[in-house]
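This report refers to the structure that appears directly beneath it.
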Amino acid sequence: MGRLDGKTALVTGAARGIGAGIAERFAAEGAAVITADRRDEPGEAVAASIRERGGRALYVHLDVTSGADWSAGVERAVAELGGVDVLVNNAGIIRVKPFEQTTLEDLRRVLDTNLVGAFLGMQAVLGSMRARGGGSIVNFSSVQGLEGREGMSAYAASKFGVRGLTRSVAIELGVHGIRVNTIVPGPTRTRMTEREGWTDAQYDAAYRGYPLGRMARAGEIASLALFLASDESSFCTGADFVADGGVTAGKPRG
Ligand SMILES: NC(=O)c1ccc[n+]([C@@H]2O[C@H](COP(=O)([O-])OP(=O)(O)OC[C@H]3O[C@@H](n4cnc5c(N)ncnc54)[C@H](O)[C@@H]3O)[C@@H](O)[C@H]2O)c1
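The numbering used here puts the first residue of the sequence shown at 21, with every later residue one more than the last.
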């Protein structure tokens with residue numbers, strides 16, 4: 021028996037990285053998965069590889085900043101898979117720039133994707149979740165949603181915002197059986213954190229001073245998403261779930 025048997029999950033940013041890891045993991049646990057992204061070819065490839073392994077998956081082109089894309093994506097999920105039980109607002113972008121060089125356009129792009137995208141997504145699935153008697157929404161923050169960092173003013177603003185959005189919406193939606201939680205990942209090996217020419221050892225060395233001394237792999241964040249999507253987390257809502265290898269616990273001496 022799968023931990024998500026009978027559930028339908030829509031995962032944004034599912035064409036690669038953490039989102040692809042979540043889509044694959046959910047499908048392996050019995051969910052029908054909508055892989056949503058604005059990158060069509062890799063997004064379709066993730067859905068196809070799930071189907072090849074006997075799972076149920078459907079790719080939809082969905083730019084999370086577009087209300088029209090959200091309406092169309094959720095309509096397809098309802099028509100072809102019966103509705104949405106789980107929404108993972110994973111799609112995100114980063115701009116690393118000193119504050120003085122960060123433009124209003126940079127700030128708006130980052131807020132639009134990371135914060136407004138989650139807002140639109142939650143509103144889009146509400147009707148379907150209510151009709152199905154409840155659901156689970158998982159929003160993505162970051163350790164930069166707990167602590168500021170140089171060069172990350174726009175990103176941190178968006179990720180602090182996601183935590184406030186989650187808590188407030190959770191308070192309103194509990195009555196409908198809809199749980200809303202935030203995942204707070206630490207540094208994870210994906211394209212977002214890629215540096216040209218770096219080896220595995222170099223990536224992990226950058227975090228040697230922290231408790232687990234390495235970066236996460238996408239599957240380790242997907243494990244937490246699976247817990248929050250499943251009924252195993254039935255009493256969790258409005259909360260932050262940190263998977264950061266101890267990065268925000270503090271740096272040990274020496
Ligand atoms: N990688 C890390 O170290 C790390 C740490 C903390 C939090 N996060 C968060 O985890 C989430 C996933 O990050 P990742 O590392 O897998 O990134 P990634 O860059 O590897 O993948 C992000 C995916 O989101 C998609 N996307 C971006 N903008 C979109 C839009 N407007 N509409 C639809 N899809 C869009 C991209 O096409 C891509 O497939 C993000 O929210 C990120 O902020 C990542």
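Backbone N, C-alpha and C define an ideal beta-carbon position, used for all residues, glycine too.
Residue i burial status per 10 Å Cβ neighbour count (16 or more: buried)
i: residue 123; result: exposed
i: residue 218; result: exposed
i: residue 21; result: exposed
i: residue 42; result: buried
i: residue 70; result: buried
i: residue 46; result: buried
i: residue 52; result: buried
i: residue 120; result: exposed
i: residue 169; result: exposed
i: residue 252; result: exposed
i: residue 25; result: exposed
i: residue 74; result: exposed
i: residue 68; result: exposed
Closest Cα partner of residue i within the set the options
i: residue 100; options: 89, 76, 202 and 86; result: 76
i: residue 33; options: 133, 121 and 91; result: 133
i: residue 90; options: 61, 30, 49 and 131; result: 30
i: residue 62; options: 180, 39, 201 and 49; result: 39
i: residue 35; options: 160, 45, 64 and 49; result: 64
i: residue 268; options: 126, 204, 239 and 253; result: 204
i: residue 260; options: 112, 245, 173 and 126; result: 245
i: residue 256; options: 225, 221, 200 and 73; result: 200
i: residue 190; options: 242, 142 and 178; result: 142
i: residue 87; options: 167, 178 and 140; result: 140
i: residue 237; options: 220, 247 and 125; result: 220
i: residue 58; options: 166, 113 and 232; result: 113
i: residue 196; options: 149, 50, 98 and 128; result: 149
i: residue 198; options: 173, 164, 247 and 152; result: 152
i: residue 95; options: 109, 167 and 80; result: 80
i: residue 208; options: 162, 146, 180 and 44; result: 162
i: residue 66; options: 37, 118 and 180; result: 37
Rounded distance between the beta-carbons of residue j and residue i, thought under 8 Å
i: residue 230; j: residue 266; result: 5 Å
i: residue 185; j: residue 138; result: 6 Å
i: residue 144; j: residue 206; result: Actually they are not in contact, since the Cβ atoms of residue 144 and residue 206 sit about 29 Å apart, beyond 8 Å.
i: residue 135; j: residue 182; result: 6 Å
i: residue 103; j: residue 28; result: 6 Å
i: residue 23; j: residue 250; result: 5 Å
For residue i: DSSP bridge partner residues
i: residue 77; result: 53
i: residue 156; result: 106 and 199
i: residue 31; result: 55 and 108
i: residue 205; result: 263
i: residue 221; result: Per DSSP, none; premise fails for residue 221.
i: residue 236; result: 208
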